[in-house]
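For what it's worth, our numbering labels the leading residue of the sequence shown as 544, then goes sequentially.
Each residue gets a CB set at the ideal place from its N, CA and C atoms; glycine is no exception.
Here the structure is a predicted model, which is why all the values come from computation and not from measurement.
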Amino acid sequence: MATPRVPLPLLPPHTPGRAAVTCEYRCGDACFHDVPNTSGNAYLGDVIGEMISRRTALRAGAVVALAVGAGGGAAAAEERSAPRGLNFPPVAPNTLDAVVVPEGYEQAVVIRWGDPIFPGAPEFDFDQQTAQAQERQFGYNCDFAALLPLDHLGLTNLLVTNHEYTSETFMFRGYDAANPTEEQVRVAWAAHGLSVVRVARDRSTGALKPGFSRYNRRITARTPFEVRGPAAGSDLLRTTADPTGRRVLGTLNNCAGGVTPWGTILSGEENFNQYFANAETRADPRLTRYGVVGGATTRRWERFDDRFDLAKEPNEVNRFGWVVEIDPTDPGSTPVKHTALGRFKHECANVRIAADGRVVAYSGDDERFEYLYKFVSNGRVRPGDSRAAKRHNSALLDDGTLYVARFTGDSPPAEIDGSGTLPSDGAFDGSGEWIPLTSGTTSYVPGMTVEEVCVFTRLAADTVHATTMDRPEDVQAHPRTGKVYCALSNNVDRGKPGKEGATEPNPRVNNRHGQVLELTERRDDPLATAFSWNLFLVCGDPESPDTYFAGFPKDQVSPISSPDNVAFDSSGNLWISTDSANALGINDGLYAVPVEGPSRGRLTLFLTVPRGAETCGPVITDRVVTVCVQHPGEVDGASADAPASHWPDGGASQPRPSVVAVWKPGRRQPGEIGG
Ligand code: FEO
Ligand code: CA
């Protein structure tokens, strides 16, 4: 049966993209500052002229007109049966203050911000929050999540969750942003980091229930981390509190992540720049390159801990922006910051193993005009998840080659006109190469030592002329084909005066909706330094001519904007969660799309999250799908005194970031998700 076109709802005018309040708390208003990359790294394309801007404006008008009607030019599309694993009716895009799942599916909250995760921890009390309580409760703004089975039936699991950032306006009634109290700041420190919680699947209902266990753990902005890899002990990482440069308190802004084959969790420290004040006292262009701006920080942490004041501790900022690793099965273990994977605004790190046993990790630097990276270990993986194997395999991430990607399009630059119109060869595609930055004790970057390449990776990538991308987010290799998928969220600055214009991998100026890149390494070998690539999806309203869904009939797909996290199900379908779908006037959601076969590109909306929320950290198993509902109610003008969402508890309650499980009751069909 064909998937019916699901038109966008008719909506009043809206502000495109993310709420300003989310920008402030999540990214430190990154979009309101100039892009940190002024390296001039460019591509074949040129800044697009007025002609294209006019054409784009005309098309925007056409979208509004077309979105009202159903059907469209692709009505002659052939009927196609639902691909394996995706036999669910699409959810209609909406703006409801609810999690919406397909008909026939059930859902329940697994755990909410503030829920106790240790025996004796206090119940959540919104009006009586303390740091001591928060350290023993589920943290704020869950983002990445992993479900690690503790038994072969998946009945008991460890739920590992990042807590990316705090939104104090929504956490405290009467919050005075210019003068937070010390206790409020300490609550925020405790609400950052990660949680490990045992969850059990109720066999009769399918729900996931949290419980206390010896594994439960909170990692916060003050948990000790060990620094490893080439920059460990570097002068660049030494501070008053840590003259060794090897021991850091805490992890910050943990966005997405990955599960390693040896059973640990990798987590990306993303917008760390926003936590450090008074950069102007240092006049260091390397700070500017990372978006560290002068003056006070949004949260004013520098008033309560000198390490957040660059005037007092110039190197503390260099101790964030890493991929961190934790072992959720060993609550006493010291988590690690891996400097060999480079320092930037890591969205994630996802690992695969090459045929010869070497470990390969992909990571995107999530900012406008930043780069895509790959790390290849020098050593080879040891099978199993014993303590010894974990120790050995974790150390592989401390010694290897760090690469950055350079993309070349195969179409004439004149055909990449910024409008999103496909070039005459029918595809945004081409070739590319991974350019080495460091390997072991060798730096390939003129004028930079290995330590400097690791700590100031963005500058190293500038030097070798990597390709600037439209916010590289989650990156993951397909478990069977080995093709690598990267979500590129959006980039409204592309083509602006003084900024780089359209390029074949980033083919739209004023890119509000993003694209999904498919990268095929030569001979499907993750050790290869050459690859081909194509844009699998060019996101937006399918009715708009600037969108592309791998050639699938556009009257049979769901609208999507700002792809962020990616995951695969057991049938090999790609699942994509979104951040800032309100650029289309709809709530964020979770989508599924086949990447192979006749239904390649058939994108279907599976779930939407409540008003103001973002869909994060999808975990797709055959029995249950989980998502993190981050920042519900985070819309401009709202606050704890005037909440815009009452999800999940309803009534007049405050919104609480939470993890949600979705499943299909009854007998499961083979390959059916959540059945
Ligand atoms: Fe935390 Fe890249 O979003
Ligand atoms: Ca092409």
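Exposed unless 16 or more other CB atoms sit within 10 angstroms - verdict on residue i
i, result
"Thr599", "Residue confidence is low: Thr599 scores 28 on pLDDT, short of 50, so the model does not pin down where it sits. No coordinate-derived value is stated."
"Ser1201", "buried"
"His1189", "buried"
"Arg1014", "buried"
"Glu666", "exposed"
"Arg895", "buried"
"Asn1033", "buried"
"Glu910", "buried"
"Ala1185", "exposed"
"Ser1105", "buried"
"Glu646", "exposed"
"Pro1102", "buried"
"Thr1121", "buried"
"Asn1053", "buried"
"Thr1151", "buried"
"Gly1219", "Here the chain covers residues 544 to 1218 and nothing more, so residue 1219 does not appear."
Closest residue to residue i among the options (Cα-Cα distance)
i, options, result
"Thr1046", "Phe1074, Phe912, Arg789", "Phe912"
"His1056", "Thr1164, Pro1085, Gly922", "Pro1085"
"Glu1139", "Val564, Thr565, Pro626", "Pro626"
"Gly1025", "Leu809, Asn1116, Ala689, Asn705", "Asn1116"
"Ala674", "Gly961, Ala731, Ala720", "Ala731"
"Leu830", "Leu809, Asn861, Glu812, Pro804", "Asn861"
"Lys933", "Glu726, Leu639, Tyr718, Gly806", "Gly806"
"Ala826", "Ala854, Gly900, Pro871", "Ala854"
"Phe681", "Ala1009, Thr984, Arg771, His706", "His706"
"Val728", "Gly663, Ser1123, Phe715", "Phe715"
"Thr638", "Gly1155, Ala563, Gly1094", "Gly1155"
"Ala676", "Asp686, Leu691, Pro659", "Pro659"
"Arg930", "Thr872, Asp899, Ala970", "Thr872"
"His1174", "Glu1157, Ser1182, Phe631, Ala1187", "Glu1157"
"Asp960", "Arg901, Leu884, Phe950, Pro1050", "Pro1050"
"Arg760", "Ala734, Arg781, Val770", "Ala734"
"Asn1229", "Pro579, Asp785, Asp899, Gln671", "Absent from the structure is residue 1229, since the part of the chain shown begins at 544 and ends at 1218."
"Arg1001", "Cys1029, Leu945, Asp849, Val1152", "Leu945"
"Ala750", "Gly583, Ala651, Ala822", "Ala651"
"Ala874", "Val703, Gly1144, Cys1029", "According to the sequence as given, residue 874 is Pro; it is not Ala. Of the candidates Val703, Gly1144, Cys1029, the one whose C-alpha sits nearest the C-alpha of Pro874 is Val703."
"Val770", "Thr985, Asn936, Pro878", "Pro878"
"Thr803", "Glu711, Val924, Asn814, Asn796", "Val924"
"Leu792", "Asp778, Asn814, Thr763", "Thr763"
"Thr985", "Arg1023, Gly943, Ala1004", "Gly943"
"Arg1066", "Val1027, Ala820, Leu1080, Glu649", "Val1027"
"Leu980", "Thr1006, Glu958, Ala822, Gly1041", "Thr1006"
"Val1227", "Gly952, Leu693, Gly864, Glu726", "There is simply no residue 1227 to check, as the chain begins at 544 and stops at 1218 in what is shown."
"Ala1073", "Thr1063, Gln671, Phe1079", "Thr1063"
Check: residue i C-beta below 6 Å from any heavy atom of ligand 1
i, result
"Glu812", "no"
"Asp909", "yes"
"Cys798", "yes"
"Glu890", "yes"
"Glu666", "no"
"Glu1157", "no"
"Glu1177", "no"
"Glu1016", "yes"
Residue i beta carbon near ligand 3 (any heavy atom closer than 6 Å)
i, result
"Phe713", "By its list of ligands, the structure shown excludes ligand 3, since it contains just ligand 1 and ligand 2."
Beta carbon proximity, residue i to chain C, threshold 7 Å
i, result
"Trp865", "Absent here is chain C; the protein component of the structure consists of one chain."
Practice problem: Any chance you could list the residues with Cβ under 7 Å from a heavy atom of ligand 2, keeping chain order? | Solution: The set, ordered by position in the chain, is Gly952, Asp953, Ser954, Pro966, Asp968, Ala970, Phe971, Asp972, Gly973, Glu1047.
Quiz prompt | Whole runs of the alpha helix (DSSP H) within the region 1130-1210, excluding any shorter than 4 residues | solution = List check, alpha helix (DSSP H) in window: nothing returned.
Exercise. Only counting runs of 4 or more residues, tell me where the alpha helix (DSSP H) segments fall wholly within the region 756-810, in order along the chain.
Key: Those alpha helix (DSSP H) runs which fall completely within the region 756-810 and span 4+ residues do not exist here.
Self-check item: 4-residue-minimum alpha helix (DSSP H) runs that sit fully inside the region 629-698, ordered along the chain
Solution: Listed in chain order, the complete alpha helix (DSSP H) runs (minimum 4 residues) inside the region 629-698 are 674-677.
Practice problem: Would you mind listing the beta strand (DSSP E) stretches within the region 970-1015 that are 3+ residues and don't spill past its ends, in chain order? | Solution: Whole beta strand (DSSP E) segments, 3+ residues: 972-982.
Practice problem: May I have a chain-ordered list of the alpha helix (DSSP H) segments no shorter than 4 residues that lie completely inside the region 810-885? | Solution: Correct list: 828-832.
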